[in-house]
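Note sheet for the following structure.
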Amino acid sequence: MNGVINLTVAELTFRQLFTRKRLIASMLFALSPLLITLVFLATAHTQDPTGLQFLRELYSGIVAFVLLPLAAVIFGTAAFGGEIDDGTIVYLLVKDLPRWQLVLSKYLVAVISTFAMMFFAILLPWLALGASLESAPLFQAFTAGIGLGAALYSAIFVTLGMMSKRALVFGLIYVVVVEIALSPNVPGLKSFSVREFVMTVVGKIASAVPGVKAGAVTPNTVWTMGAIFLVASLGLGIRWLQRYEMAERL
Amino acid sequence: MTAIEDGRSKVENGHARIELRDASRWYGNVVAVNAITVSLQPGITGLLGPNGAGKSTVLHMIAGLLSPSAGQVLVDRQNAAGNPGIYAKVGLVPEREAVQPFLTGFEFVRMNAKLQHLANPDEAARKALALVDLTGAQDRKVGGYSKGMRQRAKIAGALVHEPAILLLDEPFNGMDPRQRLHMMELLRAMASKGCTVLISSHILEELNDLADSVLVMVAGRLAASGHFREIRKLMTNRPHTFTLKSSDDRKLAAELIGEPSVQSVDLANGGLAIRASDRGLFTRALPRRARAAGISVHELLPTDESLESVFNYLVQR
Numbered sequence: 001m002n003g004v005i006n007l008t009v010a011e012l013t014f015r016q017l018f019t020r021k022r023l024i025a026s027m028l029f030a031l032s033p034l035l036i037t038l039v040f041l042a043t044a045h046t047q048d049p050t051g052l053q054f055l056r057e058l059y060s061g062i063v064a065f066v067l068l069p070l071a072a073v074i075f076g077t078a079a080f081g082g083e084i085d086d087g088t089i090v091y092l093l094v095k096d097l098p099r100w101q102l103v104l105s106k107y108l109v110a111v112i113s114t115f116a117m118m119f120f121a122i123l124l125p126w127l128a129l130g131a132s133l134e135s136a137p138l139f140q141a142f143t144a145g146i147g148l149g150a151a152l153y154s155a156i157f158v159t160l161g162m163m164s165k166r167a168l169v170f171g172l173i174y175v176v177v178v179e180i181a182l183s184p185n186v187p188g189l190k191s192f193s194v195r196e197f198v199m200t201v202v203g204k205i206a207s208a209v210p211g212v213k214a215g216a217v218t219p220n221t222v223w224t225m226g227a228i229f230l231v232a233s234l235g236l237g238i239r240w241l242q243r244y245e246m247a248e249r250l
Numbered sequence: 001m002t003a004i005e006d007g008r009s010k011v012e013n014g015h016a017r018i019e020l021r022d023a024s025r026w027y028g029n030v031v032a033v034n035a036i037t038v039s040l041q042p043g044i045t046g047l048l049g050p051n052g053a054g055k056s057t058v059l060h061m062i063a064g065l066l067s068p069s070a071g072q073v074l075v076d077r078q079n080a081a082g083n084p085g086i087y088a089k090v091g092l093v094p095e096r097e098a099v100q101p102f103l104t105g106f107e108f109v110r111m112n113a114k115l116q117h118l119a120n121p122d123e124a125a126r127k128a129l130a131l132v133d134l135t136g137a138q139d140r141k142v143g144g145y146s147k148g149m150r151q152r153a154k155i156a157g158a159l160v161h162e163p164a165i166l167l168l169d170e171p172f173n174g175m176d177p178r179q180r181l182h183m184m185e186l187l188r189a190m191a192s193k194g195c196t197v198l199i200s201s202h203i204l205e206e207l208n209d210l211a212d213s214v215l216v217m218v219a220g221r222l223a224a225s226g227h228f229r230e231i232r233k234l235m236t237n238r239p240h241t242f243t244l245k246s247s248d249d250r251k252l253a254a255e256l257i258g259e260p261s262v263q264s265v266d267l268a269n270g271g272l273a274i275r276a277s278d279r280g281l282f283t284r285a286l287p288r289r290a291r292a293a294g295i296s297v298h299e300l301l302p303t304d305e306s307l308e309s310v311f312n313y314l315v316q317r
């Protein structure tokens with residue numbers, strides 16, 4: 001009907017993801033960097049008059065490091081999880097709709113939702129700090145970085161949400177153990193860390209901004225490993241849904 | 001078309017909408033459905049069986065949500081499993097109550113219409129909701145619906161594209177008697193227009209009134225198929241029971257006890273309770289014997305020809 005994605009499935013998924021409670025939680029999530037920025041403006045502004053150093057630390061330390069993977073876990077695992085658990089997925093499965101299209105539609109919604117939330121999380125602090133031209137490359141770099149992060153994390157978590165009833169728990173364990181605890185400290189894991197991919201993209205785009213370091217992995221690694229993550233995760237998800245059978249009562 | 005014990009129902013003239021050819025399904029060592037061969041044509045068919053008999057597995061296979069471990073399940077001559085193309089012709093009402101609670105009734109049915117690629121989904125949704133008598137509540141969230149209303153919304157969603165095949169798993173759950181009657185009329189109307197309706201239900205009274213034929217499953221096998229009265233006739237190993245009232249019950253009892261087809265006659269409750277080994281022989285002998293003895297027969301009622309009796313006999317075999 002709609003090419004690669006099905007708009008009806010996408011609309012349904014959006015409404016599923018943005019129930020009132022999740023919408024409020026998302027807004028609080030997206031506003032938290034702004035709150036930190038306001039505290040910074042009220043307290044330590046004189047030590048960093050341009051706010052550039054603060055913004056860099058906020059984006060890399062809070063947004064890319066913590067909020068981005070958490071948002072992707074929340075939206076990615078919920079894109080399918082609830083429907084498979086409560087059986088409402090049957091209304092989508094008994095339609096003339098290829099299952100790969102179902103997966104891609106839900107994946108795209110998870111990516112857009114995660115990206116939108118994170119975009120506001122970086123936009124609002126930037127605006128609060130005066131949206132200076134000096135800090136614009138940093139904002140642009142992190143916009144690209146969270147775009148890449150949302151695409152890769154969502155692929156992993158949408159598939160995880162299909163395959164496990166405890167996807168949210170496993171997703172949080174992955175984020176805390178692999179992304180937050182291990183990858184910064186274990187060099188061998190950096191090539192498998194989406195966070196490092198994000199920081200490499202940021203480093204490449206905002207290399208002129210003082211204090212921004214080149215990423216721990218090369219751009220080639222980002223594109224190669226990113227493509228493998230994306231294709232493998234979505235391929236696994238599509239394959240899983242194509243073989244999915246409703247063995248319990250309908 | 002009726003058959004019992006051999007577990008087969010032959011294909012009638014014309015192509016069957018639903019066909020199971022030696023279809024089996026097992027989970028590890030557990031055989032849920034064992035070599036079922038049956039074909040269904042337009043009309044209403046009831047799918048009966050005790051819990052664990054394999055009814056849901058059969059419905060899952062026909063709906064393409066489970067593939068058979070062996071054999072074939074065909075819907076309109078196409079393999080049902082892994083074939084989304086069949087869903088333009090199939091509507092499914094699942095047993096599970098869950099419907100996306102954040103949608104209104106109208107949005108839920110329209111979603112089904114859109115996913116069926118209908119040209120005018122709004123109009124189709126309105127029409128389907130009117131058919132199930134849910135227009136008045138169509139703008140309320142499904143999460144706030146009663147169980148019966150959710151069932152009707154699910155049925156509206158399943159028939160919004162006017163499918164040629166409608167599969168319903170316990171569709172009358174939660175409906176009040178008026179709604180059940182309305183739904184039965186709706187299903188009869190669909191069947192009369194050529195729709196093949198397959199209903200799994202544990203409430204035998206409903207199917208007694210509704211189904212043109214039944215499929216009875218016991219322990220994963222098809223124990224019988226056809227109209228339940230025809231099935232009952234073929235169950236020659238079970239005596240047929242009748243109650244009878246006449247102008248002289250005692251004298252008629254004495255007459256009938258000498259009849260070879262009569263196994264026993266009891267005087268009870270102001271009439272006779274008769275067990276006959278052969279229905280045909282008995283019903284032919286009764287008027288002859290009564291006339292010869294000068295007795296008038298006022299009432300003769302079979303007491304074990306209901307769907308429930310037939311079902312119980314088959315399950316207890």
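From first to last, the protein sequence lines are chains A and B. First residue of the first sequence? That's 1 in the working numbering, and the numbers climb one at a time after it. First residue of the second sequence? That's 1 in the working numbering, and the numbers climb one at a time after it. Ideal Cβ positions, reconstructed from N, Cα and C, are used throughout, including at glycine. All values derive from a computational prediction rather than experimental measurement.
Below-8 Å beta-carbon distance, residue i vs any chain B residue
i	result
A:GLU245	yes
A:VAL202	no
A:THR8	yes
A:LEU241	no
A:LEU55	no
A:LEU12	yes
is_contact[residue i, chain A] using C-beta, thresh 8 Å
i	result
B:LEU300	no
B:HIS227	no
B:PHE106	no
B:ALA23	no
B:GLY85	yes
B:PRO94	yes
B:LYS251	no
B:MET217	no
B:VAL142	no
B:TYR313	no
B:VAL99	yes
B:ALA254	no
B:HIS202	no
B:VAL109	no
B:HIS60	yes
B:ALA88	yes
Member of the options whose CA lies at the smallest distance from the CA of residue i
i	options	result
B:THR37	B:ASP249, B:ARG17, B:LEU222, B:GLY144	B:LEU222
A:ALA150	A:VAL169, A:LEU138, A:ASP48, A:GLY76	A:GLY76
B:GLN151	B:GLY294, B:GLU95, B:ALA273	B:GLU95
A:VAL39	A:VAL209, A:ILE205, A:LEU58, A:PRO137	A:LEU58
A:PHE197	A:THR159, A:TRP223, A:ILE173	A:TRP223
B:SER296	B:VAL265, B:ASP266, B:ARG250, B:GLN263	B:ARG250
B:ASN51	B:GLY258, B:GLU255, B:LYS245, B:GLU170	B:GLU170
B:GLY43	B:THR104, B:ALA191, B:GLY28	B:ALA191
A:ALA71	A:LEU31, A:PRO49, A:LEU52	A:LEU31
B:LEU131	B:GLY144, B:LEU118, B:ALA156, B:GLN138	B:ALA156
B:GLY270	B:GLU299, B:HIS161, B:GLY258	B:GLU299
Outcome for residue i when other beta-carbon atoms lying within 10 angstroms are tallied against a minimum of 16
i	result
B:SER24	buried
B:TYR313	buried
B:GLU205	exposed
B:THR196	buried
B:LEU272	buried
A:TYR91	buried
B:ALA224	buried
A:PRO33	buried
A:VAL186	exposed
B:PHE242	buried
query: At a cut of 8 Å, does the region 77-93 of chain B reach the region 95-104 of chain A through at least three beta carbon pairs?
result: Output reads yes: the region 95-104 of chain A touches the region 77-93 of chain B.
message: For the region 91-110 of chain B against the region 122-135 of chain B, do three or more pairs of beta-carbon atoms, one drawn from each stretch, fall closer than 8 Å, so that the two count as touching?
response: yes
Residues from the region 87-115 of chain A in contact with chain B, defined by Cβ distance under 9 Å: Listed by position along the chain: GLY87, THR88, VAL90, TYR91, LEU92, LEU93, VAL94, LYS95, ASP96, LEU97, PRO98, ARG99.
- prompt: What residues in the region 15-32 of chain A have a beta carbon less than 8 Å from any beta carbon of chain B?
  reply: ARG15, GLN16, THR19
- prompt: Residues in the region 63-82 of chain B with C-beta within 9 Å of chain A's C-beta atoms, listed in sequence order?
  reply: Within the region 63-82 of chain B, those residues whose Cβ lies closer than 9 Å to any Cβ of chain A are, in chain order, ALA63, GLY64, LEU65, LEU66, SER67, ALA81, GLY82.
query: Any residues in the region 225-238 of chain A with a beta carbon nearer than 8 Å to a beta carbon of chain B? Which ones, in chain order?
result: none
- prompt: Mind listing which residues of the region 157-186 of chain A have their C-beta closer than 8 Å to chain B's C-betas, in chain order?
  reply: Those would be none; no residue qualifies.
- request: Please name the residues in the region 155-188 of chain B whose beta-carbon is closer than 8 Å to at least one beta-carbon of chain A, in chain order.
  value: GLY157, ASP169
message: Any contact between the region 167-181 of chain A and the region 84-91 of chain A? By contact I mean 3 or more CB pairs, one from each, below 8 Å.
response: no
- prompt: If contact means a Cβ-Cβ distance below 8 Å, which residues of the region 113-144 of chain B contact chain A?
  reply: LYS114, LEU115, GLN116, HIS117: these are the residues of the region 113-144 of chain B whose beta carbon lies less than 8 Å from some beta carbon of chain A, given in chain order.
query: Do the region 214-229 of chain A and the region 125-144 of chain A meet, that is, are 3 or more Cβ pairs less than 8 Å apart?
result: no
- prompt: Listed in chain order, which residues of the region 112-144 of chain A have Cβ atoms closer than 9 Å to some Cβ of chain B?
  reply: none
message: Can you confirm whether the region 244-262 of chain B touches the region 285-295 of chain B when touching is taken to mean that 3 or more C-beta pairs between the two stretches lie within less than 8 Å?
response: yes
message: Under 8 Å: do the region 156-168 of chain A and the region 123-136 of chain A share three or more Cβ pairs, one atom per stretch?
response: Here the region 156-168 of chain A makes no contact with the region 123-136 of chain A; the two share fewer than three CB pairs at distances below 8 Å.
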